[in-house]
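In this note's numbering, the protein residues as written are 1 to 111.
All C-beta atoms in this analysis are idealised placements derived from N, C-alpha and C, irrespective of residue type, glycine included.
Predicted model only: the values in this text are computed from it and were never measured.
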């Protein structure tokens, strides 16, 4: 990915988010940043909510990290985001490793 190729690893997550937003705009990719994701419980929207780093094309949640290694904690976070939005697809990007790490998620609600 261009952002990792240009910046490498070692910066804070916010740096990669800003660079990814600029790159997306330059490529005219429709996305929203820091999207609040309300969580409902028994039909009631809870006061607390998640916040997705990006949502592209109103369909794909993209979460950025700057960690030395991804763990199941970050994977669980993405699954929570998909459940909160009702969306089915997400991409987890980790800019903190020497090589860009990414993981694609597809949640099937038919189960």
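Tell me the DSSP bridge mates of residue i?
i, result
"residue 50", "37"
"residue 105", "90"
"residue 56", "31 and 60"
"residue 65", "94"
"residue 17", "Paired residue(s): none; residue 17 is not in a bridge."
"residue 44", "41"
I need the straight-line Cα distance from residue i to residue j, nearest angstrom please.
i, j, result
"residue 78", "residue 69", "16 Å"
"residue 26", "residue 9", "22 Å"
"residue 24", "residue 43", "35 Å"
"residue 11", "residue 49", "27 Å"
"residue 64", "residue 53", "7 Å"
"residue 33", "residue 14", "12 Å"
"residue 2", "residue 20", "9 Å"
"residue 96", "residue 71", "13 Å"
"residue 39", "residue 60", "18 Å"
"residue 56", "residue 108", "19 Å"
"residue 73", "residue 83", "15 Å"
"residue 98", "residue 5", "10 Å"
"residue 100", "residue 46", "35 Å"
Which whole-angstrom value is the C-beta distance of residue i and residue j, which I expect to be below 8 Å?
i, j, result
"residue 35", "residue 51", "7 Å"
"residue 29", "residue 85", "Going by Cβ atoms, the distance from residue 29 to residue 85 rounds to 18 Å, so no, they are not a contact pair."
"residue 22", "residue 16", "Not a contact, Cβ separation roughly 11 Å."
For chain B, check one thing: does any of its Cβ atoms lie closer than 8 Å to the Cβ of residue i?
i, result
"residue 43", "In the structure shown, chain B cannot be found, because there is only a single protein chain."
For the region 101-110 against the region 75-93, do three or more pairs of beta-carbon atoms, one drawn from each stretch, fall closer than 8 Å, so that the two count as touching?
The region 101-110 makes contact with the region 75-93: 3 or more CB pairs, one atom from each, lie closer than 8 Å.
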